[in-house]
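Reading through the structure tokens given below for one structure.
In my numbering, the protein residues as written are 2 to 373.
Here's what the structure looks like:
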């Protein structure tokens with residue numbers, strides 16, 4: 002029986018709201034619109050958005066996979082559907098980075114001009130990590146061993162990140178592979194260390210699957226999170242960095258542990274006040290945000306940075322709005338994103354258009370835009 006962890010829906014929905022708020026404020030607000038102390042807290046909170054997304058994606062994979070592990074070990078329609086979905090995530094990730102959303106324009110780029118197109122973002126990374134986990138399931142008979150493998154991968158990636166950055170592996174690997182390894186090419190979410198969050202989430206899903214009848218209490222989540230984050234912070238205060246200071250915020254395992262700890266604390270708090278699962282046929286706005294976080298990711302970027310058919314808020318108002326103005330814009334983008342998600346959910350769930358028609362329509366629109 003699949004595990005329904007209501008707090009995970011709350012975590013993913015909160016990460017969506019934080020993502021939209023952070024991107025809107027970073028793109029549109031004046032640099033001096035808020036006091037420095039407030040901006041420091043904003044940076045701390047916004048710095049948890051990506052770890053929560055990646056950890057949540059891995060946790061969702063684990064909760065969906067381990068209770069039906071044998072089904073995901075057989076090569077068939079279920080596995081192919083997953084791998085096809087992950088492949089489309091990578092395609093979408095690159096498409097969102099095309100100059101002017103034009104594939105033809107990208108093909109004319111040369112040398113360093115290609116770097117922004119080849120950077121690795123959250124969609125690329127999530128697709129890669131979940132593909133690795135799905136392929137590993139085809140080879141590993143025991144779900145417990147699969148969960149342990151995910152944990153080991155997370156630890157190894159986090160522990161080796163300082164070495165990867167010190168060796169400048171991204172530069173050595175070239176323009177295609179390099180962006181996947183470190184941040185030297187401008188990638189926001191290279192494998193080192195960001196993949197560790199997703200693999201830790203998968204391993205945690207394995208733990209919860211073993212306790213499907215009684216999920217760990219919220220106090221356990223909070224206690225573990227405080228212990229992990231507190232230990233990392235104390236080591237930091239004592240002068241231990243575990244990486245070159247220049248790469249601390251990118252590569253240090255202490256930074257990874259600190260943020261994982263805070264995410265676990267947040268999960269514990271959300272678990273405490275999550276309540277009982279609701280009817281899946283009538284989802285709340287929170288559940289819609291959690292289930293359709295990919296739609297939210299794409300829609301808010303298109304609203305913020307524009308499309309060939311719509312204006313770019315970043316171009317017109319970039320770094321020019323005060324705190325009140327940017328808050329109103331954030332609220333408008335958030336409302337529009339939620340309306341788009343509800344419209345998408347109605348199309349998908351009520352099957353007003355068949356999946357084949359939806360795919361065909363999206364394909365035609367994409368081809369027209371990318372090749373204009």
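In this text, a Cβ means the ideal position worked out from N, Cα and C, and glycines have one as well.
Can you say whether residue i is buried or exposed, counting buried as having 16 or more other CB atoms within 10 angstroms of its CB?
i           : result
residue 38  : exposed
residue 109 : exposed
residue 112 : exposed
residue 261 : buried
residue 42  : exposed
residue 256 : buried
residue 253 : buried
residue 140 : exposed
residue 309 : exposed
residue 188 : buried
residue 1   : The first residue shown for the chain is 2 and the last is 373, placing residue 1 beyond what the model contains.
residue 83  : buried
residue 33  : exposed
residue 173 : exposed
residue 85  : exposed
residue 6   : buried
residue 344 : exposed
residue 311 : exposed
residue 153 : exposed
residue 250 : exposed
residue 64  : buried
Which whole-angstrom value describes the C-beta separation of residue i and residue j, a residue pair presumed to lie in contact below a C-beta threshold of 8 Å?
i           : j           : result
residue 147 : residue 207 : 7 Å
residue 35  : residue 324 : 6 Å
residue 97  : residue 314 : Incorrect: roughly 16 Å between the Cβ atoms, too far for contact.
residue 334 : residue 301 : 6 Å
residue 305 : residue 25  : 6 Å
residue 131 : residue 62  : 5 Å
residue 220 : residue 259 : Contact flag wrong, Cβ pair sits at about 20 Å.
residue 264 : residue 53  : 5 Å
Does the Cβ-Cβ distance between residue i and residue j come in under 8 Å?
i           : j           : result
residue 106 : residue 99  : yes
residue 199 : residue 55  : yes
residue 116 : residue 185 : no
residue 287 : residue 11  : yes
residue 124 : residue 91  : yes
residue 51  : residue 190 : yes
residue 227 : residue 266 : yes
residue 47  : residue 23  : yes
residue 322 : residue 31  : yes
residue 74  : residue 138 : yes
residue 49  : residue 205 : no
residue 79  : residue 151 : no
residue 297 : residue 328 : no
Could you give the residue range of the alpha helix (DSSP H) that holds residue i?
i           : result
residue 91  : 78-96
residue 310 : From DSSP, residue 310 is part of no alpha helix (DSSP H); its letter is neither H nor E.
residue 11  : 7-29
residue 224 : 219-238
residue 211 : Neither: residue 211 is in no alpha helix (DSSP H) and is coded neither H nor E.
residue 171 : 170-182
residue 153 : 144-167
residue 273 : 254-273
residue 314 : 314-318
residue 288 : 286-292
residue 127 : 123-140
residue 41  : 37-47
residue 116 : 116-119
For residue i, I'd like the list of residues in its chain whose CB is within less than 8 Å of its CB, leaving aside the five on either flank, ordered along the chain.
i           : result
residue 156 : 197
residue 307 : 313, 314, 315, 316
residue 163 : 243, 244, 245, 248, 252, 253, 254
residue 145 : 207, 211
residue 176 : 115, 116, 119, 186
residue 346 : 284, 289, 292, 293
residue 101 : 309
residue 21  : 297, 301, 331, 334, 335, 338
So, for residue i: in the same chain, excluding its five sequence neighbours on each side, which residues have a beta-carbon less than 7 Å away from its beta-carbon?
i           : result
residue 178 : none
residue 294 : 13, 17
residue 167 : 245
residue 8   : 268, 271, 272, 275
residue 169 : 185
residue 236 : 255
residue 318 : 29
residue 183 : 165, 166, 170, 171, 191, 193
residue 225 : 265
residue 181 : 121, 191, 192
residue 134 : 62, 151, 203
residue 40  : none
residue 19  : 46, 47, 50
For residue i, which residues of its own chain have a beta-carbon under 6 Å away from its beta-carbon, when the five flanking residues on both sides are left out?
i           : result
residue 270 : none
residue 94  : 122, 124, 125
residue 149 : none
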